[in-house]
Amino acid sequence: MKRSWVEVNLKQIAQNYNIYRQAIAKEAEIMAVVKANAYGHGDVQVSSLLSGLGVKNFAVSNLDEAIRLRKNDIKGQILVLGYTPVELAHEIYKFDITQALLSREYAEKLSLQRYKVKTQFAIDTGMNRIGLNADNPQKCADIIHRYAKIFDMTGIFTHLCVADTPSQNEFTQMQKQKFDEVVQKTKDVDLKFIHCMNSAGGIWQESYGNLVRLGIILYGLKPDYLNILPDGIRPAMKWKSVISMIKDVKEGETIGYGRTYLVKKPLKVATISTGYADGYNRLLSNRGYVFIDKKRAPIVGRICMDQFMIDVTDIATVEIGDEVDLLTDSFTADDMGKILDTIGYEVVCNISSRVERVYIKEETE
Ligand SMILES: *Cc1c(COP(=O)(O)O)cnc(C)c1O
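Numbering of the sequence shown is given in the working numbering, commencing with residue 538 and proceeding in unit increments.
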């Protein structure tokens with residue numbers, strides 16, 4: 538019996554991938570975004586699965602993540618989307634990793650390390666995060682031409698910041714337009730990968746480029762809460778824990794740290810063996826709920842580091858050791874994110890490493 542664990546359904550991830558593959562432009566390759574331990578799902582397991590399905594491109598956030606994939610025998614392109622200290626150029630080179638170039642200054646510093654590493658230049662088309670400012674496409678093109686001679690430059694990319702929001706389509710069109718101007722001015726450079734689509738862009742925006750960076754939808758979650766995903770794409774993760782104790786609590790007593798929950802009528806209270814150190818957000822205190830046999834049980838009092846309490850008064854049969862569903866098909870990370878005023882991405886990324894990942898290879902129902 539486990540304490541707090543997530544079940545990752547690999548078959549569901551494969552299904553999500555296949556459905557998404559059908560929904561996007563035929564000419565586009567998929568780059569699986571497996572940063573942050575594949576959004577909490579397990580980067581090596583997810584990447585191995587996708588390699589088996591023919592995926593040849595992977596994206597991560599940093600060099601450690603990239604090297605872990607290589608050491609676990611993941612082949613193909615591994616693109617680091619974020620910052621790597623330039624002093625680690627020898628590692629980028631040794632493990633055949635592709636490094637994003639974040640700015641002209643970054644490219645210059647990296648070039649001084651004198652490794653002909655694989656790179657892709659980031660282009661900023663309006664997000665103001667990383668990349669060459671596409672407001673001056675000629676300047677971008679000049680910089681790309683210069684560093685294409687120094688590095689093994691395999692592509693350029695930009696990032697869409699509202700591809701999941703139909704009311705902002707004009708901004709997305711403008712971003713693609715700006716990116717295209719840079720692409721047109723670098724046609725003479727042999728750049729294999731031209732890409733701008735994230736999960737949302739790939740299915741809800743007109744195709745551009747030859748690669749889609751598929752992140753959140755691979756895991757069956759939504760870029761935005763209002764989005765409707767294609768049929769058959771469903772969350773691949775369930776989070777479970779167990780009841781460690783059950784007790785009756787009298788009217789007038791309080792529950793948990795800070796005494797934030799006042800008991801107004803006699804309650805049956807169960808303690809759950811998961812807490813904020815497991816990534817179960819403390820802001821769920823007195824706000825969230827869990828499910829026991831599909832019956833909803835509200836959280837009472839504050840989430841502790843390793844435990845929290847729920848009201849099970851209305852649930853007839855509960856026993857110590859019973860399984861409790863923290864995230865299910867019908868209460869997804871997106872739903873929990875909604876309660877927390879955040880997004881499903883953050884919920885799954887925050888599930889900490891002490892929560893065991895259990896891999897399910899067959900359909901569970
Ligand atoms: C994380 C990330 C993605 C994936 O975005 P999703 O919305 O999860 O599909 C794509 N591109 C870049 C640059 C990213 O940082």
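Positions of the beta carbon are idealized from the N, C-alpha and C atoms, including for glycine.
Small disclaimer: the values here were computed from a predicted structure and weren't measured.
Asked: Among R796, Y882, G577 and M774, nearest to S867 - alpha-carbon criterion; Found: M774
Asked: Three CB pairs or more closer than 8 Å across the region 655-671 and the region 694-709; Found: yes
Asked: Identity of the residue in P772, I765, K655 and L639 nearest H627 by Cα; Found: K655
Asked: Contact the region 788-805 vs the region 751-767: 3+ CB pairs below 8 Å; Found: no
Asked: Among G838, G769 and K653, nearest to R796 - alpha-carbon criterion; Found: G838
Asked: Touching by the beta-carbon criterion (3+ pairs, under 8 Å), the region 871-886 and the region 853-862; Found: no
Asked: Same chain only: Cβ atoms within 8 Å of T901, ignoring 5 sequence neighbours per side; Found: Because T901 carries a pLDDT of 49, less than 50, the predicted location of this residue cannot be relied on, and the following value inherits that uncertainty. Once the five neighbours on either side are set aside, the close Cβ partners of T901 are E544 and N546.
Asked: As assigned by DSSP and simplified to three states, the class of Y756; Found: helix
Asked: 8 Å Cβ shell around V855 - same chain, five flanking residues per side excluded; Found: I780, I783, K805, A807, I829 and V849
Asked: S744 Cβ short of 6 Å to ligand 1 heavy atom set; Found: no
Asked: Simplified DSSP assignment, three categories, for R683; Found: helix
Asked: Local Cβ density within 10 Å of M690, reported as buried at 16 or more and exposed below that; Found: buried
Asked: Coarse secondary structure for V779, derived from DSSP in three states; Found: strand
Asked: Distance cut-off 6 Å: G752 Cβ against heavy atoms of ligand 1; Found: yes
Asked: Segment contact, 8 Å Cβ cut-off, at least three pairs: the region 619-626 with the region 578-591; Found: no
Asked: Classification of V885 by the beta-carbon crowding that lies within 10 angstroms, buried from 16 upward; Found: buried
Asked: Between the CA atoms of Y557 and V726 - distance to the nearest angstrom; Found: 31 Å
Asked: Short Cβ contact (7 Å threshold) for G668 with I660; Found: yes
Asked: Contact test: L618 Cβ vs ligand 1 heavy atom, cutoff 6 Å; Found: yes
Asked: Q721 versus K686 - alpha carbon distance; Found: 18 Å
Asked: Beta-carbon proximity check, I847 vs R819, cutoff 7 Å; Found: no
Asked: Burial state of S890, where buried means 16 or more other Cβ atoms lie within 10 Å; Found: exposed
Asked: As assigned by DSSP and simplified to three states, the class of Q705; Found: helix
Asked: Distance between A560 and V749 (C-alpha atoms, nearest Å); Found: 12 Å
Asked: Exposure of M568, with buried meaning 16 or more beta-carbon neighbours within 10 Å; Found: buried
Asked: Residue range of the unbroken beta strand (DSSP E) whose run includes V800; Found: Here V800 belongs to no beta strand (DSSP E), and DSSP marks it neither H nor E.
Asked: Classification of L639 by the beta-carbon crowding that lies within 10 angstroms, buried from 16 upward; Found: buried
Asked: From A565, I857 and I611, residue whose alpha carbon lies closest to that of S810; Found: I857
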